Amino acid sequence: MRTRNESVIRGGLVVLAALTLSLPTGAGAMIQGSEGTLAGSVRTFQMSARDGYITTGDGSAIYMWGYTDADNGDGMQYPGPTLIANAGDLVVIELTNHLPAEVGPVSMVFPGQEGVTVGGGSPGLVTREADTGQTVTYTFVAWEPGTYLYNSGTDIDLQVEMGLVGALIVRPSTAGQAYDHPDTAYDREVLFLLTELDPQIHYLVESGWGNLVHRLDPLPVLWLINGRAAPDTMLPAGIPWLPTQPYDCMPRMHPGERLLLRFVGAGRDLHPYHTHGNHMRQIARDGRMLESVAGLGPDLGELAFTQTVAPGETVDAIFTWTGEKLGWDIYGHAPGDPMEPGEYGPDHGKAFPVTMAEEQDLTFGQFWSGSPFLGAAADLPPGEGGFNPTSGYYYMWHSHNEKEMVNFDVFPGGMMTMLVIEHPDVPIP
Amino acid sequence: MNCGHKGWMVAAAVAGLALLAGPAFAADVFLRAAVTTKTMPDGEVVTFWGFAQDSAFGAMDGDVTVPGPELHVGQGDGRLDIHLDNDLPVPVSIQVPGLRPLVVPIAGAPNLVPGRPTRMANGRIRSFTYETPPGNGAPVKYSFAMARGTYIYHSATHPAVQVQMGLYGGAVRERVDGVRAYPGTPTYAAAVSVFLSEVDPALHEAVATGDYGPGQAMTSTVEYEPRYFLVNGQAFADHPGFDPELAVAGGGERTIVRFFNASPSTRVPTLLGTRMTVIADDGNVVPWPRDQVSLVIPALKTFDVLVQPVTPGRYALYDRRLGLSNGSAPGMGGMLRYLAVAGPPTFPGQTTGQAPRRPAPPATLRATTGSGHRPLATDKLRWGLKGTQSKGDATATTTTATTTKARTTKGGGGK
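Heads up: the protein sequence lines correspond to chains C and A, in order.
Position 355, counted from 1, in the first sequence is what the working numbering calls 393; the numbers after and before it change by one each time, with no gaps.
Position 139, counted from 1, in the second sequence is what the working numbering calls 214; the numbers after and before it change by one each time, with no gaps.
Now the structure itself:
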């Protein structure tokens, strides 16, 4: 039962004002990225490699090299644009090298794609490359839906560290599915492109001392998801004061929804990504369903609450949450109250199992709304709370390599974000 | 099955197993541990400890290599017997993770018992098994029940130092026809080995100059700093004298690529232009083929994968953990190679205008029979996926009985 002074949010109007202050508004249910220019079944991306700076959660400005696409003008971005294509598209990527001349050539490789043809540029060690000012064109048919990585094929250990990485998503013919099977359907999707950063390398390159870079001894002290270090991961996508870091990582969902997690290992280290709140079900690796026999769907995927994401590897997983197994009604319903969408039926009407202590006997976290019930707020002492205007449930999602949850040794930071379970009446754009 | 005789059947089955475990033939290999050197691409000369395969003990006619010689054991050989000659200044030994070590009887002397390490004078141990002393006059035998698969042999003495110094190599047992690695797996037209290792030259220098150990310049391997990253004993070097290609079959035919990792770190070889299908892990067939781009290979693991490229050219294979430099030398190096399909040395389809081809589907495997490996039961029925329900577990195959009830009669094992 609800205690006194709680108000349950009904309708979105009350909430929207609060939303604009601190929650992402542009993220949407689908991953943002670049869809290029489509003519028939030929999808062309005009891309550049440029240099620029990113900002990290401790206030550092780090010199980076990054890919960008035509929409970005002269700016770079980190990570590179998430390229989005449909299965069967002939993908054409024209890459022009706008990096400073002293960098030398740059290129792109597409692990997982077969039959990549390359034109223009000059021969490099693993692909053709664009020298300063040159353009090289990569062409392939994106036969199979899935989540893929791209990165530079030139001077790979330095150029990957400097930021020349990005994701490629190929969508199947059926919308709302990750692969060609209904068991891979999802309501929302989130990208987790994981990297680490050794600022010393970037300072040396920025200062023109790139030949002193210790490529074999990187010491990362910053860890990033989609190019941002926490708490910036939780800022909205496209926020003006992070112009070179356009992507966010702030998963929000309603109970009962299916959230597709697309993990991309874009750095050089393995990261054990941990989802508080529930297990996730793996459905694919390296762009292929974990399927025993064709047609069965991802029957080989395991439940995991920590997913190892290795460099060069992509993993897809589906996360769901209903409050199952908590053992109490998350809305504080009486048994006769109507069910909410996505509610776990067997716990409907079950009483909250403890008597809450009085406020004077409690200490509060910033995400505590004053009430244990989803979507409900209650009295808080002055100055407490405030980080949870929609009264959702917050679960920390993070690299379980604990030292990676810092910015230069300061916690919280690094490879960390929050999943928010929102009341069904809270609009998630 | 006559349940009344159950106890007798079990006892006889055990006796039968013990008999079957005594193999008819053994592969005899004469290995010699000795010092050697390699020149790294940046010119640094590094001292290694490697293995040579001699024609007989004391023949000294093999080349000392790092990694050591890849031992191929034939289909008919149930046992691998390594006769070790130690030309190093310290004791060494041999172990092969994944193979069952066997007691070696010695006429007129105590048996050599694997897992019973030789003790040092102060009572401490530095080996996982019995040692071969430096300069031994007679070979010391290490005997293993050879199973089908891909394995790494390495020194079991002071392994933190000796494995890094280079005392490792591959051992493979396959079917006699050489075209199929495991029962039920697809045939292949070519075979390639990718043996990964790393070098911390500071350790090699300290060991070579006798400056490793308590009170010496280097007292432990804790501050490990690899500077060179090797594939099959060589780092990639972009100069004419170095052949970076590993020849594989083309035209859609399969090649088995055997990966070994003797470095202390996890490495992630990644393929460009084609994909790989994992068929075995540490010599065990995986229940379902795994279609992957990158292979996460931790220290001392082996994997068998199949590749099936079509067009001629080079398919780059590089370490995505970025062991891609040679010390302080400029340019790419380290763990980079090309799986090469004979034809013009260009990247597949390098000229534009070639119509992309739909790639062949990945190699498929039947569920294996008789190997004792079954897919693990999954809880997919309880998962409650949206859309069509999974159709249930694939039919588990029944392994044929491998035990015998008695020495002369063969009864049906339990079903």
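Heads up, the beta-carbon is just placed ideally off N, CA and C, and yes, glycines get one too.
None of the values given here were measured: they were computed from a predicted structure.
Checklist entry - Along chain C, which residues have their Cβ under 8 Å away from the Cβ of residue 393 of chain A? => result As a first step, residue 393 of chain A must be located in the second sequence, where it is residue number 318. By Cβ distance, chain C contributes 164, 194.
Next on the checklist: So, for residue 147 of chain A: in the same chain, excluding its five sequence neighbours on each side, which residues have a beta-carbon less than 7 Å away from its beta-carbon?
Outcome noted: Taking the first residue of the second sequence as position 1, residue 147 of chain A is located at position 72. Excluding sequence neighbours, residue 147 of chain A sits near 247.
Checklist entry - DSSP puts residue 354 of chain A in a beta bridge; with which residues? => result Taking the second sequence and counting its residues from 1, the one referred to as residue 354 of chain A is at position 279. Answer by DSSP bridge pairing: none, since residue 354 of chain A is not bridged.
Checklist entry - By a C-beta neighbour count over all protein chains shown, 10 Å radius and 16 as the cutoff for buried, is residue 466 of chain A buried or exposed? => result On the second sequence, position 391 is the one that residue 466 of chain A refers to. Because the pLDDT of residue 466 of chain A is 37, which lies under 50, any placement of that residue in the model is unreliable, and the question is left without a value.
Item to check | Contact set between the segment 273 to 304 of chain A and chain C, restricted to residues whose Cβ is under 8 Å from the partner | outcome: 300, 301, 302
Checklist entry - Are the beta-carbon atoms of residue 83 of chain C and residue 130 of chain C separated by less than 9 Å? => result Here residue 83 of chain C refers to the residue found at position 45 of the first sequence. Here residue 130 of chain C refers to the residue found at position 92 of the first sequence. Their beta carbons are under 9 Å apart, which means residue 83 of chain C touches residue 130 of chain C by this criterion.
Checklist entry - For residue 367 of chain A, which residues in chain C fall below 7 Å Cβ to Cβ? => result For this step, residue 367 of chain A is matched to residue 292 along the second sequence. Under the 7 Å cutoff, chain C gives 323, 324.
Next on the checklist: When you compare the CB of residue 143 of chain C with every CB in chain A, is at least one pair closer than 9 Å?
Outcome noted: The residue given as residue 143 of chain C occupies position 105 in the first sequence. By this cut-off, residue 143 of chain C is not an interface position.
Checklist entry - In chain A, which residues lie with their C-beta within 8 Å of the C-beta of residue 306 of chain C? => result Stepping through the first sequence from its first residue, residue 306 of chain C is reached at position 268. Within 8 Å Cβ-Cβ: 395, 396, 397.
Next on the checklist: Does chain A have any CB closer than 9 Å to the CB of residue 153 of chain C?
Outcome noted: Reading the first sequence from its first residue, position 115 is the one you call residue 153 of chain C. Interface residue, yes.
Checklist entry - With distances taken from CA atoms, which of C/124, C/85, C/120 is nearest residue 76 of chain C? => result Your numbering for residue 76 of chain C matches position 38 in the first sequence. Of the candidates C/124, C/85, C/120, the one whose C-alpha sits nearest the C-alpha of residue 76 of chain C is C/124.
Checklist entry - Within 9 Å (strictly less), CB to CB, does residue 393 of chain C reach chain A? => result Indexing the first sequence from 1 puts residue 393 of chain C at position 355. Chain A contact via Cβ: absent.
Checklist entry - Are residue 224 of chain A and residue 256 of chain A close, meaning C-beta to C-beta below 9 Å? => result To locate residue 224 of chain A, count along the second sequence from 1; it is residue 149. To locate residue 256 of chain A, count along the second sequence from 1; it is residue 181. Yes. Within cutoff.
Item to check | Outcome for residue 186 of chain A when other beta-carbon atoms lying within 10 angstroms are tallied against a minimum of 16 | outcome: Residue 186 of chain A sits at position 111 when you count from the first residue of the second sequence. Exposed: under 16 other Cβ atoms inside 10 Å.
Next on the checklist: I need the DSSP call for residue 459 of chain C, collapsed to helix, strand or coil.
Outcome noted: Along the first sequence, one-based indexing puts residue 459 of chain C at 421. Correct three-state label for residue 459 of chain C: strand.
Checklist entry - With distances taken between CB atoms, is the gap from residue 356 of chain C to residue 299 of chain C smaller than 9 Å? => result Here residue 356 of chain C refers to the residue found at position 318 when the first sequence is read from its first residue. Here residue 299 of chain C refers to the residue found at position 261 when the first sequence is read from its first residue. Taking 9 Å as the Cβ cut-off, residue 356 of chain C and residue 299 of chain C qualify as a contacting pair.
Checklist entry - Between residue 168 of chain C and the rest of its own chain, which residues show a CB-CB distance below 7 Å, the 5 nearest in sequence each way excluded? => result One-based indexing of the first sequence puts residue 168 of chain C at position 130. Excluding residues within five positions, the ones whose Cβ falls inside 7 Å are 133, 134, 135, 143, 144, 145, 159, 174.
Next on the checklist: With H, G and I counted as helix, E and B as strand and the rest as coil, what does DSSP make of residue 401 of chain A?
Outcome noted: As a working note, residue 401 of chain A is residue 326 in the second sequence. Correct three-state label for residue 401 of chain A: coil.
Item to check | Residues in the segment 122 to 150 of chain C having any Cβ partner in chain A nearer than 8 Å | outcome: 128, 147, 148, 149, 150
Item to check | 3-residue-minimum beta strand (DSSP E) runs that sit fully inside the segment 98 to 151 of chain A, ordered along the chain | outcome: Runs found: 100 to 114, 120 to 129, 143 to 148.
Next on the checklist: I want to know whether the segment 329 to 337 of chain C touches the segment 302 to 312 of chain C - three or more CB-CB distances under 8 Å.
Outcome noted: no
Checklist entry - Along chain A, which residues have their Cβ under 7 Å away from the Cβ of residue 381 of chain C? => result Start at 1 with the first residue of the first sequence, and residue 381 of chain C comes out as number 343. Result: empty, since nearest Cβ-Cβ is about 15 Å, beyond 7 Å.
Item to check | CB-CB length for residue 367 of chain A against residue 323 of chain C, believed under 8 Å | outcome: The residue labelled residue 367 of chain A in the question sits at position 292 within the second sequence. The residue labelled residue 323 of chain C in the question sits at position 285 within the first sequence. 6 Å between Cβ atoms; contact.
Item to check | Expected contact under 8 Å - CB spacing of residue 399 of chain A and residue 381 of chain A to nearest Å | outcome: Start at 1 with the first residue of the second sequence, and residue 399 of chain A comes out as number 324. Start at 1 with the first residue of the second sequence, and residue 381 of chain A comes out as number 306. In fact, because the Cβ distance is near 25 Å, the residues do not count as touching under 8 Å.
Item to check | Local conformation of residue 442 of chain C per DSSP, three classes | outcome: Position 404 of the first sequence holds residue 442 of chain C. In this structure, residue 442 of chain C counts as helix in the three-state DSSP scheme.
Checklist entry - Distance, Cα to Cα, residue 214 of chain C vs residue 337 of chain C? => result Taking the first sequence and counting its residues from 1, the one referred to as residue 214 of chain C is at position 176. Taking the first sequence and counting its residues from 1, the one referred to as residue 337 of chain C is at position 299. Roughly 19 Å between the two C-alpha positions.
Next on the checklist: Could you pull the DSSP bridge partners for residue 354 of chain C from this structure?
Outcome noted: As a working note, residue 354 of chain C is residue 316 in the first sequence. C/300, C/322.
Next on the checklist: Output needed in chain order: residues of the segment 331 to 361 of chain A with a Cβ under 8 Å from some Cβ in chain B.
Outcome noted: Note that chain B does not occur in the displayed structure, where the protein chains are C and A.
Checklist entry - Do residue 268 of chain A and residue 360 of chain A have their C-beta atoms closer together than 9 Å? => result Sequence index remark: in the second sequence, residue 268 of chain A carries index 193 (1-based). Sequence index remark: in the second sequence, residue 360 of chain A carries index 285 (1-based). In this structure, residue 360 of chain A does not lie closer than 9 Å to residue 268 of chain A by Cβ.
Checklist entry - Which same chain residues, not among the five before or five after residue 366 of chain C, have their C-beta less than 7 Å away from its C-beta? => result The count along the first sequence starts at 1 and reaches residue 366 of chain C at position 328. Here the set comprises 385, 388, 389, 390, 391.
Item to check | Distance between beta carbons of residue 229 of chain C and residue 120 of chain C, contact taken as under 8 Å | outcome: The residue given as residue 120 of chain C occupies position 82 in the first sequence. The residue given as residue 229 of chain C occupies position 191 in the first sequence. Going by Cβ atoms, the distance from residue 120 of chain C to residue 229 of chain C rounds to 6 Å, so yes, they are a contact pair.
Item to check | Cutoff 7 Å; reference residue 253 of chain C; Cβ partners in own chain excluding five residues on either side | outcome: As a working note, residue 253 of chain C is residue 215 in the first sequence. Closer than 7 Å at Cβ, skipping near neighbours: 195, 196.
Checklist entry - At a Cβ cut of 7 Å, what residues of the segment 347 to 365 of chain C count as close to chain A, listed as they run along the chain? => result 348, 349, 350, 351
Next on the checklist: Checking the sheet assignment: what are the DSSP bridge partners for residue 156 of chain A?
Outcome noted: One-based indexing of the second sequence puts residue 156 of chain A at position 81. The partner list for residue 156 of chain A (beta bridge, DSSP) reads A/103, A/218.
Item to check | 8 Å contact criterion, which residue 300 of chain A and residue 225 of chain C should meet: CB distance rounded | outcome: For the purposes of this step, residue 300 of chain A is taken as the residue at position 225 of the second sequence. For the purposes of this step, residue 225 of chain C is taken as the residue at position 187 of the first sequence. A Cβ-Cβ distance of about 48 Å is found for the pair residue 300 of chain A and residue 225 of chain C, leaving them out of contact under the 8 Å criterion.
Item to check | residue 206 of chain A versus A/181, A/228, A/323, A/233, residue with shortest Cα-Cα distance | outcome: Mapped onto the second sequence, residue 206 of chain A falls at position 131. Comparing Cα positions, the closest option is A/233.
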